[in-house]
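Notes follow the structure.
Chains as they are written, first to last, in the numbering used here: chain A, 231 to 425; chain B, 13 to 558.
Following this line, the structure appears as C-alpha cells:
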C-alpha cells in the first residue's frame with residue numbers, strides 16, 4: 231500500500247464541479263461549446279410548473295406531453311430536455327417542432343444518452359442542435375460528437391480549459407461507423423474511418 | 013495470426029498517448045479519482061489491495077512468441093518477475109507503478125498489444141475456444157469473428173459507458189471450451205441450413221452473485237449480420253439495463269426480468285431497422301480477416317511417433333495434456349500452469365521466455381492462453397512431443413494434470429484483490445497437494461475457487477466449486493457441486509453449511525472419496541456420477557458423520 235498512498239496523497243484536491251449546484255438558468259456566461267468556441271446560451275431551461283419566460287425555451291418531456299398544444303402555439307423556438315432513460319420513439323412525430331434537443335448526463339458514467347442520441351439522429355432523422363447537458367467532461371466529448379451531439383453545456387473547469395486550448399486527448403481513428411452522420415467511406419464499410 | 017496494419021498501429025499509439033495524458037491530468041489533480049477511475053479501467057488499470065494492477069488484453073487468447081517475450085520483459089522490468097494468466101485469457105501484472113503504465117503500454121504497442129477494454133463498463137476483450145484453428149471438432153476457426161468484434165468494439169463511442177461490463181465469447185465446436193453459456197453474449201459458429209456460416213446467439217449468461225445460464229435468442233444469424241445484431245442487442249441493453257443497482261446491472265438481469273422473448277423482440281425490431289446499414293459485413297471483408305488466421309504450413313507427411321525411451325511420466329503427460337489435432341501427424345499440447353501446490357495461472361518471466369522459445373521452434377510461433385489459466389501450443393508435430401516434453405520439464409512446466417483435480421481455477425482472492433472476502437490461492441494450493449497422488453484415479457474433475465461472490469474463479473460452474481465468504485471476521489468457504497461451463501452448462505448448488513480454511517480441504521476430499529466409492533466404474537466421471545446420484549450421498553458424506 232505505501233507506494234500508492236504516497237502517490238495519491240500528492241494529488242491536489244478535487245476540481246470537480248461543485249455537487250448540487252444547479253446550472254445557471256439563464257445563459258449569461260458562455261457555457262455552450264459549439265462549432266469550436268464557447269458561446270452565450272440563448273436558451274432558458276423552463277422549470278416544470280412555473281410560467282414560461284419569453285424567448286427560446288427548453289421544456290421537459292413531461293411538460294411537452296402535458297402542455298403540447300399550448301407549447302406548439304408559441305411563437306418562439308422550442309427545445310426539449312430528455313432525461314437519461316426517457317424514451318424518444320413515442321414523440322418521434324413531434325421532433326420537427328424542436329430546434330434543440332438536450333440530453334442529460336446525470337453522471338458522466340451514465341451512458342444512456344449515447345444511445346438516445348443515435349436514435350434521434352439515425353432513426354428519427356433529427357437535424358437540430360443536439361446538446362449534451364449535465365456531467366459533461368473532456369474525455370467523453372469526442373465520443374458524444376461521434377454519436378451526433380454538436381453542442382455541449384460545460385461547467386467543469388479543466389474541461390473548459392481543454393476545449394478552449396484545443397487539447398482534448400482524443401483517438402482520431404475510428405474502428406466503427408456510429409450512425410448515418412458518421413457514414414463510412416472507402417472499401418471497408420463496417421470499419422475504419424478517421425475523424 | 014492477426015497482424016496490425018498501419019491503421020491498427022496508429023490507433024493503439026493514439027490510445028497510449030491519450031492514456032498518458034489522462035494519467036498526467038490525474039497526477040495534476042485535474043481529474044478526481046472518481047473521474048479517473050472509469051478512464052483507467054477502460055485501459056485495464058485497477059487499484060488493488062497493495063498496488064495498481066494492469067490487465068493486458070490477449071485477444072481470444074492468441075499470442076506470438078515475440079509477444080510472449082515482451083510480456084516476460086515487462087514482468088522483469090516493471091513487475092516482480094511474474095505474470096498471472098487469468099480466466100479471461102488475459103495476463104495481469106500485480107505490481108506496476110501508475111507512472112510506469114504509459115511506458116508499459118508503449119512497450120506493448122511495439123508488439124501489437126494493448127490493455128484496451130480489459131476492464132470497465134464496456135465491451136471487454138473477446139474470448140474464444142483456446143483450441144481454435146487446431147482442433148478437429150470445429151466447423152471453422154472462430155477467431156476471425158472474434159477479431160472483427162474486437163475491432164468493432166474498440167473505443168465504441170456508444171457503448172463505452174454501459175450499465176456494467178459486457179463479455180462476449182465465441183466458439184465453433186459442439187464441445188464448448190469457451191463457456192459461451194455463462195457470457196453476456198455467447199456465439200456459436202455453425203453451418204446454417206442454407207450452407208453458409210452463421211451463429212446461434214446466446215444472451216444473458218453470467219456468474220457473479222446471480223448466476224444464470226444464457227438463453228438462446230437466435231439459432232440462425234448469418235455471418236454478414238453479426239455486427240448489426242450485436243449493435244442492436246447492445247443498444248437495447250444500454251438503454252434499458254438497470255443502473256440503480258450495480259449488482260443488478262448486467263444484461264442477465266434485464267433478460268431475466270423482462271424475459272428472453274421480450275428482450276429478443278426488442279433486439280429483433282432494432283436489428284431489422286439497421287441490418288442493411290453500414291455494419292453489414294461484406295463477404296470479402298470476412299475472408300480478408302480470415303486470411304490472417306490461415307493454417308500454418310503443416311508438413312503433409314509426418315511420422316506418428318519418434319523413437320524415445322520408455323518413460324511413464326511422458327506417457328501420462330501425453331495422455332492428459334495433448335488433444336486431437338485436425339491435421340494428421342500433429343497434436344495440441346496443453347502447458348499446465350498448475351504445478352502441484354503452486355499458484356494457478358502464475359508464470360515467471362523465465363518460464364514465459366522458455367514457452368516463447370518452444371513455441372517458436374515447435375508450434376509455428378504460436379501460444380494460446382486458456383480460460384482455465386493454462387497455456388497451449390496449438391500445432392506440435394507428434395514426432396516432436398518428446399523433445400517438447402523434455403524442454404517443458406526443464407522449465408517446470410510439464411505437470412501432467414490438464415483437466416484433473418489439481419488443474420484448479422482460482423481467482424487472486426484476498427492475497428491481492430480489494431473485493432475479496434477470503435483467500436483463494438492457498439486453498440487451491442492445499443487441495444492440489446492433498447489430491448495430487450490420487451488425481452489419475454479420480455479422473456476428469458474441475459475444481460474452481462472464488463474469493464468472493466463476484467465469482468471470478470467461476471465457482472458456479474465448477475464440478476466442485478468453492479466460494480470464499482467472510483463470517484464474523486473469519487475466512488469461510490461454501491462448497492458447491494454439479495456445475496459446468498461447457499456444452500452441458502449447469503449452475504452448481506451449495507451443499508449446506510460452509511467450512512473453515514482447513515475444513516474445506518477435508519470437505520473436498522470427502523466428496524471425492526464418496527464419488528470413488530459410488531461411481532459405476534472408472535469410465536463414469538464425477539459430473540456424470542453426480543447427475544445420476546444427486547446431491548444426497550455427497551451431503552451425507554459431508555455432514556452426517558459429524
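The beta-carbon is built from N, C-alpha and C at its ideal position, and this holds for glycine as well.
This structure is a prediction, so every number in the text was calculated from the model and none was measured.
>> Extract the residue ranges of the beta strand (DSSP E) inside the stretch 283-356 of chain A, only unbroken runs of 3 or more that lie entirely within it.
In response: 287-290, 308-312, 330-335
> In chain order, what residues of the same chain have a beta carbon less than 6 Å from the beta carbon of residue 472 of chain B, not counting five sequence neighbours either side?
Replying inline: 219, 223, 495, 503, 504
> For residue 411 of chain B, is the classification buried or exposed, using 16 other Cβ atoms within 10 angstroms of its Cβ as the cut-off for buried?
Replying inline: The residue in question, residue 411 of chain B, is buried, as its Cβ has 16 or more Cβ neighbours within 10 Å.
>> Determine whether the beta carbon atoms of residue 352 of chain B and residue 445 of chain B lie at a separation below 8 Å.
In response: yes
> Who are the near neighbours of residue 497 of chain B in its chain, counting only those whose CB is closer than 6 Å to its CB and skipping five residues on each side?
Replying inline: 191, 194, 473
> Would you say residue 164 of chain B reaches chain A, if we count a Cβ-Cβ gap shorter than 8 Å as a contact?
Replying inline: yes
> Is there a Cβ from chain A that is less than 8 Å from the Cβ of residue 266 of chain B?
Replying inline: Output row for residue 266 of chain B: interface = no.
> Name the chain B residues whose beta carbon is nearer than 7 Å to that of residue 403 of chain A?
Replying inline: Correct list: 19, 22, 23, 26.
>> At 3 residues or longer, what runs of the beta strand (DSSP E) sit wholly inside the stretch 165-240 of chain B?
In response: 180-183, 197-203, 209-215, 227-234
>> Assuming residue 451 of chain B is part of the alpha helix (DSSP H), what are its boundary residues?
In response: Boundaries of the alpha helix (DSSP H) harbouring residue 451 of chain B: 451-454, taken from the DSSP string.
>> Can you tell me whether residue 389 of chain A is helix, strand or coil according to DSSP?
In response: helix
>> Quick check on residue 489 of chain B: buried or exposed, where buried means 16 or more other Cβ atoms within 10 Å of its Cβ?
In response: buried
>> Suppose the cutoff is 6 Å on Cβ atoms and the five residues either side in sequence are ignored; what does the same chain contact list for residue 334 of chain B look like?
In response: 343, 345.
> Interface residues of chain D around residue 251 of chain B at Cβ under 9 Å?
Replying inline: This model lacks chain D altogether, as its protein chains are A and B.
>> Is there a Cβ of chain B sitting closer than 8 Å to that of residue 274 of chain A, yes or no?
In response: no
>> Give me, in chain order, the residues of the same chain whose beta-carbon lies closer than 6 Å to that of residue 377 of chain A; leave out the 5 immediate sequence neighbours on both sides.
In response: 344, 347, 348, 408
>> Please classify residue 259 of chain B as buried or exposed, where buried requires at least 16 neighbouring CB atoms within 10 angstroms.
In response: exposed
> In the stretch 165-191 of chain B, which residues sit with their C-beta less than 9 Å from some C-beta in chain A, listed in chain order?
Replying inline: The residues in question are 165, 166, 167, 168, 169, 170, 171, 172, 173, 174, 175.
> Who are the Cβ neighbours of residue 526 of chain B in its own chain at under 7 Å, not counting the five residues just before and after it?
Replying inline: 549, 550, 553
>> Check for me: the alpha helix (DSSP H) holding residue 77 of chain B runs from which residue to which?
In response: 77-90
> Terminal residues of the continuous beta strand (DSSP E) containing residue 486 of chain B?
Replying inline: 486-493 is the span of the beta strand (DSSP E), which, as asked, contains residue 486 of chain B.
> chain A beta carbons: is any one of them nearer than 8 Å to that of residue 438 of chain B?
Replying inline: The beta carbon of residue 438 of chain B does not come within 8 Å of any beta carbon belonging to chain A, so the residue lies off that interface.
> Beta carbon of residue 291 of chain A, beta carbon of residue 308 of chain A: below 8 Å?
Replying inline: no
> Quick one: is residue 383 of chain A near chain B, going by C-beta distance under 8 Å?
Replying inline: The Cβ of residue 383 of chain A sits no closer than 8 Å to any Cβ of chain B.
>> So residue 353 of chain A contacts chain B; which residues on that side make the cut at Cβ distance below 9 Å?
In response: Here the neighbours are 282, 285, 286.
>> 8 Å is my cut-off, CB to CB: does residue 369 of chain A come that close to chain B?
In response: yes
> On the three-state DSSP scale, how would you describe residue 54 of chain B?
Replying inline: coil
> Closer than 9 Å, Cβ to any Cβ of chain A: which residues of the stretch 289-304 of chain B, in chain order?
Replying inline: 289, 290, 291, 292, 293, 294, 296, 297, 300
>> One question on the structure: do residue 547 of chain B and residue 493 of chain B come within less than 8 Å of each other, judged by their Cβ atoms?
In response: Judged by their CB atoms, residue 547 of chain B and residue 493 of chain B are nearer to each other than the 8 Å cut-off.
> Counting only beta-carbon atoms, is residue 406 of chain A nearer than 8 Å to chain B?
Replying inline: yes
> What did DSSP end up calling residue 530 of chain B once you bin it into helix, strand or coil?
Replying inline: helix
> Skipping 5 residues on each side, what residues in its chain have a beta carbon closer than 7 Å to that of residue 198 of chain B?
Replying inline: 181, 192, 214, 217, 226
> If you drop the 5 nearest sequence neighbours on each side, which residues of the same chain put their C-beta closer than 6 Å to that of residue 124 of chain B?
Replying inline: 16
> Cα separation between residue 274 of chain B and residue 229 of chain B?
Replying inline: 10 Å
> Nearest-angstrom Cα distance between residue 58 of chain B and residue 367 of chain A?
Replying inline: Between the alpha carbons of residue 58 of chain B and residue 367 of chain A lies a gap of roughly 21 Å.
>> If you follow the beta strand (DSSP E) that residue 68 of chain B is in, where does it begin and where does it stop?
In response: 64-68
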